[in-house]
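All remarks here apply to the structure that follows.
Residue numbers (the working numbering): 0 to 123.
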């Protein structure tokens, strides 16, 4: 493989292809594929609770913070434990999947409050 810049040879590298990829050759001989639009996949089943994301899009579950993204700030996010990971979803579509970072012994308390702790309201 030769690397060219403005028609000048910059570097040469040996390219090793697997036997089933030998027909691919250089990039110029094969047409580029159109980019695939990323779609949110459907949420899988598991014990699910609802948490309100903070202003930065972080959700607290079982004493650990999981990031959902700023696009979901101040919105209700469903948190589920699926196959050893924490899955954040909204309206049945997965937003993010994180490895479990919380203490597993605290899950029961987190699931016992499906809507989270009630917010303090100013009285008086």
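For glycine and all other residues, C-beta sits at the position ideal for the given N, C-alpha and C. These figures come from a predicted structure and were not determined experimentally.
Q) Hey, which unbroken runs of the beta strand (DSSP E) at 3 residues or more fall wholly within the segment 61-92? A) 63-66, 75-81 and 84-89
Q. If residue 67 sits next to residue 87, beta carbons under 8 Å apart, how far is it from one beta carbon to the other, in whole angstroms?
A. In the chain shown, the residue the question calls residue 67 occupies position 68. In the chain shown, the residue the question calls residue 87 occupies position 88. The Cβ separation is near 5 Å, so the contact holds.
Q. Using DSSP with H/G/I as helix, E/B as strand and the rest coil, what is residue 18?
A. Translated into positions along the chain shown, residue 18 becomes position 19. Residue state, collapsed to three classes: helix.
Q: Pull up the CB-CB distance for residue 78 and residue 58, whole angstroms please, since I reckon it's below 8 Å.
A: To locate residue 78, count along the chain shown from 1; it is residue 79. To locate residue 58, count along the chain shown from 1; it is residue 59. Rounded, the Cβ-Cβ distance is 6 Å, consistent with contact.
Q) If you draw a straight line from the C-alpha of residue 73 to the C-alpha of residue 104, how long is it? A) Looking up residue 73 in the chain shown gives position 74. Looking up residue 104 in the chain shown gives position 105. Between the alpha carbons of residue 73 and residue 104 lies a gap of roughly 27 Å.
Q. Which same chain residues, not among the five before or five after residue 100, have their C-beta less than 6 Å away from its C-beta?
A. Working through the chain shown from its first residue, we reach residue 100 at position 101. Only 63 meet the Cβ criterion.
Q. Residue 84 to residue 11, Cα distance in whole Å?
A. The residue labelled residue 84 in the question sits at position 85 within the chain shown. The residue labelled residue 11 in the question sits at position 12 within the chain shown. Looking at the two C-alpha atoms, the distance is approximately 43 Å.
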